[in-house]
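Q:
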Amino acid sequence: MPLAPSHDTPAPLASAHAAFLAFLRVECGLSRNTLEAYARDLCDLLDDLQHRGVDSLALATPRLLVEHIQGLKTRRELSPTSITRHLATLRVFFRWALARGLIEEDPTAIIDRPTRWKKLPGVLSPRQMRDLIEAASPGLYPVREPPTENDLRAILHLRDRALLELIYASGLRASEAAGIARDDLIDSLGVVKVTGKGDKQRLVPVGVPARRAVEAYLADARPRLRREDGRDKGRLLLSATGRPLERVAIWQIVRRCANRAGLREVHPHMLRHSFATHMLAGGADLRVVQELLGHADIATTQIYTHVDKSRLRSVVNRYHPRG
Numbered sequence: 345m346p347l348a349p350s351h352d353t354p355a356p357l358a359s360a361h362a363a364f365l366a367f368l369r370v371e372c373g374l375s376r377n378t379l380e381a382y383a384r385d386l387c388d389l390l391d392d393l394q395h396r397g398v399d400s401l402a403l404a405t406p407r408l409l410v411e412h413i414q415g416l417k418t419r420r421e422l423s424p425t426s427i428t429r430h431l432a433t434l435r436v437f438f439r440w441a442l443a444r445g446l447i448e449e450d451p452t453a454i455i456d457r458p459t460r461w462k463k464l465p466g467v468l469s470p471r472q473m474r475d476l477i478e479a480a481s482p483g484l485y486p487v488r489e490p491p492t493e494n495d496l497r498a499i500l501h502l503r504d505r506a507l508l509e510l511i512y513a514s515g516l517r518a519s520e521a522a523g524i525a526r527d528d529l530i531d532s533l534g535v536v537k538v539t540g541k542g543d544k545q546r547l548v549p550v551g552v553p554a555r556r557a558v559e560a561y562l563a564d565a566r567p568r569l570r571r572e573d574g575r576d577k578g579r580l581l582l583s584a585t586g587r588p589l590e591r592v593a594i595w596q597i598v599r600r601c602a603n604r605a606g607l608r609e610v611h612p613h614m615l616r617h618s619f620a621t622h623m624l625a626g627g628a629d630l631r632v633v634q635e636l637l638g639h640a641d642i643a644t645t646q647i648y649t650h651v652d653k654s655r656l657r658s659v660v661n662r663y664h665p666r667g
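Number 667 marks the last residue of the sequence shown (my numbering); no jumps.
1. Tell me which same chain residues have a C-beta within less than 7 Å of the C-beta of H622, skipping the five on either side of it?
2. Applying the criterion that 16 or more other CB atoms from any shown protein chain within 10 Å of the CB defines a buried residue, is K417 buried or exposed?
3. Considering only residues of the same chain and omitting the five flanking positions on each side of R566, which have a CB-CB separation below 7 Å?
4. Quick check on DSSP: helix, strand or coil for S423?
5. Where R460 and R571 are concerned, what is the direct C-alpha to C-alpha distance, given to the nearest angstrom?
6. Whether or not the stretch 553 to 560 and the stretch 502 to 516 are in contact is what I'm after, with contact meaning three or more pairs of Cβ atoms, one per stretch, closer than 8 Å; do they touch?
7. Which residues mark the beginning and the end of the beta strand (DSSP E) in which Q646 is found?
8. Measure how close the beta-carbons of A498 and L589 come, nearest whole angstrom, since I'm counting them as under 8 Å.
9. Alpha carbons only, please: which of A525, R526, P549, R369 is nearest the one belonging to G534?
10. Does R428 come out as helix, strand or coil in the three-state DSSP assignment?
11. By Cβ distance below 7 Å, which residues in the same chain neighbour L409 in space, the five residues on each side in sequence not counted?
12. Using a Cβ-Cβ cut-off of 8 Å (strictly less than) and excluding sequence neighbours within five positions of D399, which residues of its own chain qualify?
13. So for R579, helix, strand or coil by DSSP?
14. How many whole angstroms separate the CB atoms of A441 and A362, which I take to be in contact at a CB cut-off of 8 Å?
15. Can you tell me which of A443, R396, L636 puts its alpha carbon nearest to the alpha carbon of G551?
16. Using 8 Å for Cβ pairs, my map puts R631 next to I642. What's the rounded Cβ distance?
17. Could you tell me the distance, in whole angstroms, from the CA atom of Q545 to the CA atom of D576?
18. Specify, as a first and last residue, the run of the alpha helix (DSSP H) that V592 falls within.
19. Given a cut-off of 8 Å on the beta-carbon distance, is the pair T649 and L624 in contact?
20. Express the C-alpha separation of R396 and F364 in angstroms, rounding to a whole number.
21. Under a three-way DSSP split, which group does V633 fall into?
22. Rounding to the nearest angstrom, what Cα-Cα distance links S350 and E448 in this structure?
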């Protein structure tokens, strides 16, 4: 049922959401698939705003909406097309709310297209990365005694350590880490086969610390997580129930370890950003980093040259006659 216009009593988010979907279904006659897409996008928004303590349309500011869209881009690794669709959904929703008198101003009216946003990726320092990884397995690593069969916490600590080491060592997306099969590890070469966007595959080296962490996980943790019913689907990283570790769970693990390490606003993609930035800071060629990250266009990789300002300063100091 449509909400009655009122500026004295702000429209609750959930009620406005339901009324908008009813409007699309009854008055616009949209297909089921289109309605479901609108519903998913708005549920994402409502969950985010309610998590921030926002419970009415009047409190949904342009800044909050931009932060919501940027959060989808970093945490969910959505494509530019999906991001554009999300923003289009928000525009239609808030224009409808304005027309119904539920809000006095449309917060999406001053939001630019996502392609014009130039926010640089967040990066952890090498010390912060070390603290984050250490927080994954406090007091357990290196492994001196394998965890007992019933010590689930210790088993999961070994898994979390392997996960963080692998993402950072190889510059993986969370979805790529979740999709790695046990057979994708080529131990003899010290590389892992990664399936990226568009199902494109690449071989990425795995550093010694990450290899040790993965070996400890394979020896002392994965056999205890794995079930005999094949629910693991051959994946490398498993949940406590023996199923493949999902991307959302990886995000939760990173956040939990970051909290232990005293770090804020850390997400899995930040480890990938840190990998690229630290590689360039160490002197790696931009084309090599592009290949390791699986970027189709080197312009995507070039953003990390803007992040590592310390390297730019050192190059100027070294080569400029008056540096």
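Idealized CB from N, CA, C, for every residue including glycine.
A: According to the structure shown:
1. Position 278 of the sequence shown holds residue 622. The residues are P470.
2. Residue mapping note: residue 417 aligns to position 73 of the sequence shown, counting from 1. Looking at its Cβ environment, which holds 16 or more other Cβ atoms inside 10 Å, K417 is buried.
3. Position 222 of the sequence shown holds residue 566. Correct list, in chain order: L582.
4. Position 79 of the sequence shown, counted from the start, is the residue given in the question as residue 423. Residue state, collapsed to three classes: coil.
5. On the sequence shown, position 116 is the one that residue 460 refers to. On the sequence shown, position 227 is the one that residue 571 refers to. With a pLDDT of 47 at R460, under the threshold of 50, the modelled position of this residue cannot be trusted, and the question is left open.
6. yes
7. Counted from its first residue, the sequence shown places residue 646 at position 302. Segment: none, Q646 is in no beta strand (DSSP E) and carries neither H nor E.
8. Here residue 498 is taken as the residue at index 154 of the sequence shown, counted from 1. Here residue 589 is taken as the residue at index 245 of the sequence shown, counted from 1. Not quite, the Cβ-Cβ distance comes to about 17 Å (not below 8 Å), so this is no contact.
9. As a working mapping, residue 534 is identified with position 190 in the sequence shown. The residue with the shortest Cα to Cα distance from G534 is P549.
10. Locating residue 428 in the sequence shown gives position 84, counting from the first residue. Sequence check: residue 428 is Thr here, not Arg. The answer is helix: DSSP assigns T428 an H, G or I state.
11. Here residue 409 is taken as the residue at index 65 of the sequence shown, counted from 1. Once the five neighbours on either side are set aside, the close Cβ partners of L409 are L434, P451, T452, I455.
12. Here residue 399 refers to the residue found at position 55 of the sequence shown. Once the five neighbours on either side are set aside, the close Cβ partners of D399 are P356, L357, L393.
13. Working through the sequence shown from its first residue, we reach residue 579 at position 235. R579 falls in the strand class under three-state DSSP.
14. Sequence index remark: in the sequence shown, residue 441 carries index 97 (1-based). Sequence index remark: in the sequence shown, residue 362 carries index 18 (1-based). About 13 Å; that fails the 8 Å criterion.
15. On the sequence shown, position 207 is the one that residue 551 refers to. The shortest Cα separation from G551 among A443, R396, L636 belongs to L636.
16. Start at 1 with the first residue of the sequence shown, and residue 631 comes out as number 287. Start at 1 with the first residue of the sequence shown, and residue 642 comes out as number 298. About 7 Å separates the two Cβ atoms, so the contact holds.
17. Residue mapping note: residue 545 aligns to position 201 of the sequence shown, counting from 1. Residue mapping note: residue 576 aligns to position 232 of the sequence shown, counting from 1. One C-alpha to the other measures close to 21 Å.
18. Against the sequence shown, residue 592 aligns to sequence position 248. Its alpha helix (DSSP H) spans residues 591 to 604.
19. Start at 1 with the first residue of the sequence shown, and residue 649 comes out as number 305. Start at 1 with the first residue of the sequence shown, and residue 624 comes out as number 280. Yes, they are a contact pair.
20. Locating residue 364 in the sequence shown gives position 20, where the first residue counts as 1. Locating residue 396 in the sequence shown gives position 52, where the first residue counts as 1. So the two alpha carbons sit approximately 22 Å from each other.
21. Within the sequence shown, the letter at position 289 stands for residue 633. V633 falls in the helix class under three-state DSSP.
22. As a position in the sequence shown, residue 350 is number 6, starting the count at 1. As a position in the sequence shown, residue 448 is number 104, starting the count at 1. Annotation note: pLDDT 38 at S350 (below 50); position unreliable, coordinate value reported separately. Spanning the two alpha carbons is a distance of roughly 10 Å.
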